[in-house]
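**Q** If you scroll down you'll find the structure; I have some questions about it.
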Amino acid sequence: MIADRTDRNRIRLAETTSPEVLADHAGAHSVAPAEADAGSVPPVLLVPVGSLEQHGPHLPLDTDTRIACAVIEAAVDRGVNGVVAPSIAYGASGEHEAFAGTISIGQDALQLVLTEFGRSACRWTSRVAFVNGHGGNARALIAAVRLLRQEGREVGWFPCAARHRRADAHAGFTETSLLLHISPAQVCTEHEIVGNVTSVQDLMPQMRIGGVAAVSPSGVLGDATGANARAGADILADLAERLSEAVTRWEPDERGMLV
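Just so you know, the sequence shown maps onto residues 5 to 263 in our numbering.
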């Protein structure tokens with residue numbers, strides 16, 4: 005048994021023995037999720053999905069993965085009955101490949117990984133929730149989750165999309181504030197800059213041709229100046245609350261997104 009495991013809502017899959025998983029998920033397939041009450045539903049497997057990509061000159065390459073992990077941990081702190089899986093830490097980051105350090109496995113490979121992950125996990129757990137920290141992964145998530153659900157598996161995904169009044173796209177106020185809250189030692193504050201603040205929707209035609217580098221030499225899509233840990237804490241709290249509610253409600257939309 006794992007020493008000092010007193011909080012039954014905080015189980016990390018990689019640190020758990022197979023018999024413990026079996027005990028925690030006993031009856032996982034005996035009760036339909038829609039028919040079960042809160043006390044009879046086994047833990048949902050919470051899977052952080054991130055990326056390894058450039059985040060301007062001031063944030064670490066694994067920013068998206070850190071954020072997805074932090075949102076899951078904060079949701080579990082709020083009482084979500086979840087097993088925390090190891091991260092899927094490489095994503096579809098082709099738009100950032102002009103910048104050193106980025107490693108992208110592409111949409112097709114990511115979709116395959118997500119699909120096979122879901123098929124395997126659903127052999128012993130009743131629900132899988134992918135928690136996504138990188139917007140570029142959305143296409144693969146939608147396709148993989150749609151297929152898994154068509155196969156009869158209870159799988160959904162949740163986007164870590166901030167609702168803050170200064171929310172921006174990449175390595176700007178949002179992500180810098182979050183990292184100042186969850187990983188302050190990893191933020192090079194002397195390099196926080198203003199990137200391209202045009203909306204991603206308007207930038208997309210250029211980005212489809214030349215990636216992020218075509219619209220932002222720094223790799224920043226947003227304004228990192230003024231980012232602060234207090235705002236990061238507020239953003240994280242909102243994301244965790246929304247994830248908690250979405251997992252508890254468990255009503256995936258037509259894209260498989262937990263809303």
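Backbone N, C-alpha and C define an ideal beta-carbon position, used for all residues, glycine too.
Is the region 69-87 in contact with the region 248-257, if contact means three or more CB pairs nearer than 8 Å?
**A** These segments touch.
**Q** Which residue marks the beginning of the beta strand (DSSP E) containing Leu-50, and which one marks its end?
**A** Where Leu-50 is concerned, the enclosing beta strand (DSSP E) stretches over 48-53.
**Q** For the beta strand (DSSP E) holding Val-88, just list the boundary residues, first then last.
**A** From DSSP, the beta strand (DSSP E) with Val-88 extends over 86-88.
**Q** Which same chain residues, not among the five before or five after Val-191, have their C-beta less than 7 Å away from its C-beta?
**A** His-62, Leu-63, Thr-180, Leu-183 and Leu-184.
**Q** DSSP three-state label for His-100, please.
**A** His-100 falls in the helix class under three-state DSSP.
**Q** Residues in the same chain with beta-carbon distance under 6 Å from Ala-78, minus the five sequence neighbours each way, listed in chain order, please.
**A** Cβ within range, chain order: Leu-240 and Ala-244.
**Q** Report the partner residues of Asn-136 according to the DSSP bridge assignment.
**A** Its beta-bridge partners are Val-53 and Pro-163.
**Q** Just to confirm the assignment: which complete alpha helix (DSSP H) runs, minimum length 4, are found wholly within the region 228-261?
**A** Listed in chain order, the complete alpha helix (DSSP H) runs (minimum 4 residues) inside the region 228-261 are 233-253.
**Q** Can you name the start and end residues of the alpha helix (DSSP H) that Ile-213 belongs to?
**A** 204-214 is the span of the alpha helix (DSSP H), which, as asked, contains Ile-213.
**Q** Nearest to Ala-1 by CA position, among Gly-139, Asp-242, Pro-221 and Trp-254, is which residue?
**A** Here the chain has residues from 5 to 263 only, and residue 1 is not among them.
**Q** Indicate whether Gly-54 and Gly-160 have their beta-carbon atoms separated by less than 7 Å.
**A** Not closer than 7 Å, so no.
**Q** Which of the three DSSP states, helix, strand or coil, is assigned to His-174?
**A** DSSP places His-174 in strand when its eight states are reduced to three.
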